[in-house]
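Let me begin by presenting the structure, written as structure tokens, before commenting on it.
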Amino acid sequence: MSKLTDIKDDFAVNSHTEIQGLDDAISGHLAFTEHARAIPNRLLEPKGWIPSKLYSNFIQSKTLYRKHDAAHDAKIALWLAKAKEQAKQFYIAHQAMPEFTGISKAELSEIAKLSIDENILQELPEILAFKGIILIYLPALEGTKADGATFLLSDKLPVIVHSIRYPRMDNFWFTLLHELAHLCLHFNNLDEPIVDDMEDEQHVLKDIEIQADRLAKTSFVSKVEWRTATVKNTSKGDDIYTFAQQMQVHPSIIAGLVRASRSRYDLFSDIVNKVNPRTLLKLL
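Residue numbering for the sequence shown follows my numbering, beginning at 469 and increasing consecutively.
Structure (structure tokens):
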């Protein structure tokens with residue numbers, strides 16, 4: 469049996485790790501129904517999300533993610549289910565995708581440098597497919613606090629889903645590198661999906677999130693370069709652009725790092741808001 473046929477068969481019925489016996493199937497269906505009923509139709513209908521068609525892609529909400537409330541968890545569950553549906557479609561359309569064998573810290577730095585080209589966002593899914601990684605752009609439902617997520621499709625194919633929660637390039641690239649950092653550092657932790665809210669006050673308390681944050685940051689600017697960088701204390705936009713050119717990354721990323729390091733999110737708003745990734749990806 470070919471790899472593609474094997475994957476298609478796996479898609480036709482839920483994998484053995486998701487449904488194990490009739491009791492589990494019934495409890496899974498009841499849980500999904502409860503989630504779906506918690507979400508107003510006004511949020512689902514404009515997106516064309518049909519809960520009954522997402523059931524086979526349902527990922528139960530037992531994730532490495534701090535619980536909020538039933539309505540929020542329901543939205544996360546449906547978002548992940550939709551992402552899984554799109555990931556399957558992407559895989560079937562990319563039969564030549566290689567098996568994922570890992571991604572190195574050096575490769576993360578190379579990907580960070582792609583940020584210079586603002587038009588690269590549309591090409592990133594194809595670029596990452598060559599590494600055996602599926603990248604899905606999927607805005608989350610209204611009121612959902614999720615920047616991105618990482619999970620395995622059919623127990624072996626890594627999927628990154630990017631919500632493009634904020635219309636800023638610094639947030640786009642930090643979220644992407646954070647999720648890639650999970651693949652680099654925590655691939656063996658992906659028995660359950662990892663859903664990330666970058667503004668969660670408990671986000672930094674988790675070891676895997678601390679590690680992913682650090683690797684994402686050093687993928688843009690190394691520890692040595694950042695330690696000696698005078699741009700950290702600047703108030704001049706020209707300094708941001710100059711340092712970004714030296715680091716070969718998008719200027720909004722440097723502006724974002726400076727804002728975060730100083731907890732001054734009023735700084736350089738013109739730079740971080742200059743380019744809207746949602747517009748570039750035609751997701752408005």
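Glycine is no exception: its CB is placed at the ideal position from the N, C-alpha and C atoms.
As the structure is a computational prediction, the values presented were derived from the model and not from experiment.
CA-to-CA distance, residue j to residue i, given in whole angstroms
{"i": "Asn-744", "j": "Glu-586", "result": "10 Å"}
{"i": "Met-637", "j": "Ala-574", "result": "22 Å"}
{"i": "Ile-628", "j": "Asp-734", "result": "30 Å"}
{"i": "Met-715", "j": "Asp-706", "result": "14 Å"}
{"i": "Ala-680", "j": "Arg-730", "result": "20 Å"}
{"i": "Ile-588", "j": "Asp-541", "result": "32 Å"}
{"i": "Thr-698", "j": "Ile-584", "result": "21 Å"}
{"i": "Lys-535", "j": "Ala-617", "result": "Note that Lys-535 scores 47 on pLDDT, short of 50, meaning its location in the model is unreliable and no value can be drawn from it."}
{"i": "Ile-507", "j": "Leu-749", "result": "26 Å"}
{"i": "Thr-696", "j": "Asp-615", "result": "30 Å"}
{"i": "Ile-475", "j": "Asn-741", "result": "Annotation note: pLDDT 37 at Ile-475 (below 50); position unreliable, coordinate value reported separately. Cα to Cα, the separation comes out at about 41 Å."}
{"i": "Trp-641", "j": "Glu-667", "result": "15 Å"}
{"i": "Gln-713", "j": "Ala-728", "result": "20 Å"}
{"i": "Met-565", "j": "Ala-549", "result": "22 Å"}
{"i": "Leu-472", "j": "Lys-691", "result": "Unreliable positioning characterises Leu-472 in this predicted model, as indicated by a pLDDT of 35, which lies under 50. The coordinate reading is nonetheless provided below. One C-alpha to the other measures close to 42 Å."}
{"i": "Gln-563", "j": "His-646", "result": "27 Å"}
{"i": "Ser-622", "j": "Phe-558", "result": "13 Å"}
Residue span of the alpha helix (DSSP H) that contains residue i, given as start and end
{"i": "Gly-600", "result": "From DSSP, Gly-600 is part of no alpha helix (DSSP H); its letter is neither H nor E."}
{"i": "Met-715", "result": "705–715"}
{"i": "Ala-728", "result": "719–730"}
{"i": "Met-565", "result": "Unbroken run through Met-565: none, as it is neither H nor E."}
{"i": "Ile-676", "result": "675–688"}
{"i": "Arg-695", "result": "691–695"}
{"i": "Phe-745", "result": "In the sequence on display, residue 745 carries Pro and not Phe. Where Pro-745 is concerned, the enclosing alpha helix (DSSP H) stretches over 745–748."}
{"i": "Phe-642", "result": "637–654"}
{"i": "Lys-573", "result": "573–581"}
Boundaries (first-last residue) of the beta strand (DSSP E) holding residue i
{"i": "Val-617", "result": "The displayed chain sequence assigns Ala, not Val, to residue 617. Taken as a continuous stretch (DSSP letters only), the beta strand (DSSP E) holding Ala-617 covers 616–621."}
{"i": "Asp-664", "result": "662–664"}
Exposure of residue i, with buried meaning 16 or more beta-carbon neighbours within 10 Å
{"i": "Pro-626", "result": "buried"}
{"i": "Asp-659", "result": "exposed"}
{"i": "Asn-509", "result": "exposed"}
{"i": "Pro-719", "result": "buried"}
{"i": "Ala-649", "result": "buried"}
{"i": "Leu-751", "result": "exposed"}
{"i": "Ile-560", "result": "exposed"}
{"i": "Ile-595", "result": "exposed"}
{"i": "Val-672", "result": "Confidence is the limiting factor: at Val-672 the pLDDT is only 47, short of 50, which leaves the residue's position unreliable and the question unanswerable from this model."}
{"i": "Glu-567", "result": "exposed"}
For residue i, the residue or residues it bridges with in DSSP
{"i": "His-630", "result": "Tyr-605 and Gly-616"}
{"i": "Leu-625", "result": "Leu-621"}
Selected residue, minimal CA-CA separation from residue i, among the options
{"i": "Leu-511", "options": "Glu-567, His-630, Ala-608 and Glu-677", "result": "Ala-608"}
{"i": "Glu-693", "options": "Ile-678, Phe-711, Trp-547 and Glu-677", "result": "Phe-711"}
{"i": "Ser-687", "options": "Thr-569, Ala-551 and Glu-578", "result": "Glu-578"}
{"i": "Lys-556", "options": "Leu-603, Gln-590 and Leu-546", "result": "Leu-603"}
{"i": "Lys-685", "options": "Pro-661, Thr-702, Ile-708 and Thr-643", "result": "Thr-643"}
{"i": "Leu-725", "options": "Gln-713, Asp-738 and Ile-708", "result": "Ile-708"}
{"i": "Leu-576", "options": "Asp-615, Val-689, Phe-736 and Asp-738", "result": "Val-689"}
{"i": "Gly-611", "options": "Thr-702, Thr-696, Ile-544 and Lys-700", "result": "Ile-544"}
{"i": "Lys-613", "options": "Lys-599, Arg-633 and Lys-624", "result": "Arg-633"}
{"i": "Asp-664", "options": "Pro-635, Ala-597, Ser-737 and Phe-619", "result": "Phe-619"}
{"i": "Gln-554", "options": "Pro-566, Ile-601 and Tyr-605", "result": "Tyr-605"}
{"i": "Gly-570", "options": "Lys-581, Lys-550, Glu-677 and Ala-597", "result": "Ala-597"}
{"i": "Thr-702", "options": "Arg-746, Arg-732 and Ala-564", "result": "Arg-732"}
{"i": "Leu-653", "options": "Ile-722, Ala-580, Gly-516 and Ser-572", "result": "Ser-572"}
{"i": "Ile-601", "options": "Phe-655, Leu-582, Lys-515 and Leu-683", "result": "Phe-655"}
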